[in-house]
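Anchor point for the sequence shown: position 39 equals 39 in this note's numbering, and the numbering is continuous, going up by one each time.
We treat Cβ as the ideally placed atom computed from N, Cα and C, and that holds for glycine.
Heads up, the thing below is written out as structure tokens.
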Amino acid sequence: MSLLKVSTLSLSVLFILSCSDPPPPKKTVFDPLTHQLDRARDVQNTVDANSAATRKAVDAQERGDSNP
Numbered sequence: 001m002s003l004l005k006v007s008t009l010s011l012s013v014l015f016i017l018s019c020s021d022p023p024p025p026k027k028t029v030f031d032p033l034t035h036q037l038d039r040a041r042d043v044q045n046t047v048d049a050n051s052a053a054t055r056k057a058v059d060a061q062e063r064g065d066s067n068p
């Protein structure tokens, strides 16, 4: 085959492959553990947000502000 035919064929195959969707990530044995870690981080963020709000309200009451 000539160089033109080979390059045309290879470019068309590469174009088709580049336009296709990537395969979904494969599941691993660590997925349940990472899911638990993500949930724990979300819970910690919620606890930290509530702690900050409580601290802000306590500081406001110490200063004598009526609205925190």
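Could you check what DSSP says for residue i in three-state terms: helix, strand or coil?
| i | result |
| --- | --- |
| D31 | helix |
| K26 | coil |
| D21 | coil |
| D65 | coil |
| S2 | coil |
Quick one: is residue i near chain C, going by C-beta distance under 8 Å?
| i | result |
| --- | --- |
| K5 | Reference to chain C is not applicable here, since this structure consists of a single protein chain. |
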